[in-house]
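Take a look at the structure set out below.
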Amino acid sequence: MPSSLANNKGKQVIYIDPWYPSTKTCSCCGHVLDELDLGVRRWRCPYCHSVNDRDENTALNIKRVGSSTLGVGDVRQSQTAISV
Ligand SMILES: [Zn+2]
4 MPSSLANNKG KQVIYIDPWY PSTKTCSCCG HVLDELDLGV RRWRCPYCHS
54 VNDRDENTAL NIKRVGSSTL GVGDVRQSQT AISV
C-alpha cells in the first residue's frame, strides 16, 4: 500500500481531487484550457504565452495543489528559460 510505504520512509501522501485539471492548467498563470488532445505533448498558453511540456506542467500543478492542501502555501518554483 503506497501510503504506508511512504509513512515508513517519513514521507506523507497527499490525495488531490481526481477531477482537478492538472494537465490543462497552465502552471505559469493558472489559465485552464477548455480541452487538450491526448497527443499534444507541448502547448502554448493562450493567456500568458508560456510553453508547457505536458508532463512537466502536470507535475508542477500536482505539486502546487498538494502543497496548498498541506497548508505550506505556494512552493517556490525556479524560473526556467524556455526556448521554442
Ligand atoms: Zn499561462
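Residues in the sequence shown are numbered from 4 upward in steps of one, following my numbering.
Quick reminder that beta carbons are idealized off the backbone N, C-alpha and C, glycines included.
A quick note: this is a predicted structure, and the numbers were derived from the prediction, not measured.
Item	Value
Nearest-angstrom Cα separation, counted from glutamate 38 out to serine 30	15 Å
Classification of arginine 67 by the beta-carbon crowding that lies within 10 angstroms, buried from 16 upward	buried
Nearest-angstrom beta carbon gap, isoleucine 17 and glycine 74 [assumed within contact, 8 Å]	At roughly 11 Å, the Cβ-Cβ gap does not stay under 8 Å, so glycine 74 and isoleucine 17 are not in contact.
Best match in Cys51, Asp58, Cys32, Thr72 for proximity to glycine 42 [C-alpha to C-alpha]	Asp58
Three-state class that DSSP yields for arginine 45 in the structure shown	strand
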